[in-house]
Amino acid sequence: MKRIVSVSLGSSSRDHCVTIKIGDEEFTIERIGTDGDYEKAFKLIRELDGKVDAFGMGGISLYIYGKNNRRYTLHAALPILREARKTPMADGSGLKNTLERNVVRYLKEELNIPLEEKTVLVVCGMDRMAMAESFAQAGCKTLYGDLAFVLGIPVAIKSLKSLHMIASFLMPVICRLPIKMLYPSGLSQEVNTPKFNKMFEQADIIAGDFLYIKKYLPRSISGKIIVTNTVTPKDIEMLRERGAKLLVTSTPELNGRSFGTNVMEALACVLIGKKPEDITSDEYHKLLCDGIFRHRVVYF
542 MKRIVSVSLG SSSRDHCVTI KIGDEEFTIE RIGTDGDYEK AFKLIRELDG
592 KVDAFGMGGI SLYIYGKNNR RYTLHAALPI LREARKTPMA DGSGLKNTLE
642 RNVVRYLKEE LNIPLEEKTV LVVCGMDRMA MAESFAQAGC KTLYGDLAFV
692 LGIPVAIKSL KSLHMIASFL MPVICRLPIK MLYPSGLSQE VNTPKFNKMF
742 EQADIIAGDF LYIKKYLPRS ISGKIIVTNT VTPKDIEMLR ERGAKLLVTS
792 TPELNGRSFG TNVMEALACV LIGKKPEDIT SDEYHKLLCD GIFRHRVVYF
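Residue numbers (the numbering used here): 542 to 841.
Here it is in structure tokens:
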């Protein structure tokens, strides 16, 4: 049996473990949150290094992509990566570029959603550049919430061109900031404080990392389509109660849970037999075509 463990800086209340079978092989896939405690994450990685088949790096990304696939390294993630000396560690950024372009195509071609008629709020385009670009290329009116959702500045970026320009200025600085300044971590992942309601109200589709969405989600999102990744049964119930129309996740449902892209990229490493930095977009695409990374669809 293969074992994949995502060591996350996120809340331990979101932990989950499943066993699945792909072909003739069984896989145990586990997510372990450390509540924002770096030392706890380091200790866990040291204990498991060389004893599991792949690590996921949860609650933080190693790489963020800009225009033309320019790659920026988040310095706060490097100490975590260095602790994995034997077992490969995936942060999910490589898989995002395939899965999240495909999910936009899926919305239009498989679910018959007329994207050119929709307004999309991508809560953090810099974190989801493939998705941000794909919605714009599909003809949507796009709003990017990076300044609001990450920096607290209540301004929406209104074009992909502006997002690329702002990213080119901000990313060299942002990459050096502590993760707690950029992304909900630890117990803060469980907090919802409705904010930026005007941005949410303008959007037909709310897209991006679910923890950014959840952080400021309004009490009512009647009729909205949510396109995201990691959701728990509790998260789905929240969306149902607040009036969402449809949920589509880039990652598949595994025993009631949609895991993060870091977990799925770690699984891809084991299936393909390569380190994450050596996997090509064609190899990720083949996994999609084989139906292993099928998108999840929930109608409310």
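We put the beta carbon where it would ideally sit given N, CA and C, even for glycine.
These numbers come from a predicted model, not from an experiment.
Quiz item: Where do the N-terminal and C-terminal ends of the beta strand (DSSP E) with A748 fall, by residue?
Solution: In the DSSP annotation of this structure, the continuous segment of the beta strand (DSSP E) that includes A748 starts and ends at 746-748.
Quiz item: Just checking my contact of L640 with T792 at CB under 8 Å: how many whole Å lie between their CB atoms?
Solution: About 7 Å separates the two Cβ atoms, so the contact holds.
Quiz item: Given 8 Å as the limit, is there contact between the region 571-585 and the region 546-560, that is, 3 or more CB pairs closer than that?
Solution: Segment contact: the region 571-585 against the region 546-560, three or more CB-CB distances shorter than 8 Å; contact assigned.
Practice problem: Please go through the same chain and pick out, in chain order, the residues whose beta-carbon is closer than 8 Å to the beta-carbon of G680, but skip the five residues on each side of it. | Solution: If we look at G680 and ignore the five residues flanking it on each side, its Cβ neighbours are L656, E657.
Quiz item: Beta-carbon separation of E794 and R837 under 8 Å?
Solution: Yes.
Quiz item: Expressed to the nearest angstrom, what Euclidean distance is found between the alpha-carbon atoms of K543 and K775?
Solution: Distance between the alpha carbons of K543 and K775 is about 28 Å.
Self-check item: Between the CA atoms of A631 and E699 - distance to the nearest angstrom
Solution: The residue you asked about is not Glu; residue 699 is Lys in the sequence shown. Roughly 32 Å between the two C-alpha positions.
Exercise. Measure the beta-carbon distance from I601 to I621 and round it to whole angstroms, keeping in mind my assumption that it falls under 8 Å.
Key: That belief holds up - the Cβ atoms of I601 and I621 are roughly 7 Å apart, short of 8 Å.
Quiz item: Taking 7 Å as the cut-off, is the CB of S547 close to at least one heavy atom of the ligand NAD?
Solution: Of the ligands one can find in the structure shown there are none, so the ligand NAD has no counterpart to examine.
Quiz item: What residue does the beta strand (DSSP E) around V691 start on, and which one ends it?
Solution: Per DSSP, V691 lies in no beta strand (DSSP E); the unbroken alpha helix (DSSP H) holding it starts and ends at 687-692.
Practice problem: Just list the beta strand (DSSP E) runs in the region 754-781, keeping only unbroken ones of 3 residues or longer that don't cross its boundaries, in chain order. | Solution: Taking 3 residues as the minimum length, the beta strand (DSSP E) runs contained wholly in the region 754-781 are 766-769, in order along the chain.
Quiz item: When the distance is taken between beta carbons, is N643 closer than 8 Å to L829?
Solution: Cβ distance < 8 Å, so L829 and N643 count as in contact.
Self-check item: For V644, the first and last residue of its enclosing alpha helix (DSSP H)
Solution: Where V644 is concerned, the enclosing alpha helix (DSSP H) stretches over 634-650.
Exercise. Alpha carbon to alpha carbon, how far is P759 from N738? Give it in angstroms, no decimals.
Key: Approximately 6 Å, taken between the alpha carbons.
Exercise. Measure the beta-carbon distance from A671 to V663 and round it to whole angstroms, keeping in mind my assumption that it falls under 8 Å.
Key: Contact between A671 and V663 is ruled out by a C-beta separation of about 11 Å, above the 8 Å threshold.
Self-check item: Extent of the continuous beta strand (DSSP E) run through L662
Solution: Unbroken beta strand (DSSP E) run through L662: 660-663.
Quiz item: For F568, does the three-state DSSP call read helix, strand or coil?
Solution: Under the three-state reduction of DSSP output, F568 falls in the strand class.
Exercise. Along the alpha helix (DSSP H) that carries S675, what are the first and last residues, could you check?
Key: For S675, the enclosing alpha helix (DSSP H) begins and ends at 670-678.
Quiz prompt | Proximity of T628 and A595 at Cβ, strictly below 8 Å | solution = In contact: T628 and A595 (Cβ atoms closer than 8 Å).
Quiz item: Do G540 and I545 have their C-beta atoms within less than 8 Å of each other?
Solution: Since the first residue of the chain shown is 542 and the last is 841, residue 540 is not available in this structure.
Quiz item: Buried or exposed: where does I767 fall if 16 or more other Cβ atoms within 10 Å of its Cβ makes it buried?
Solution: Classification for I767: buried.
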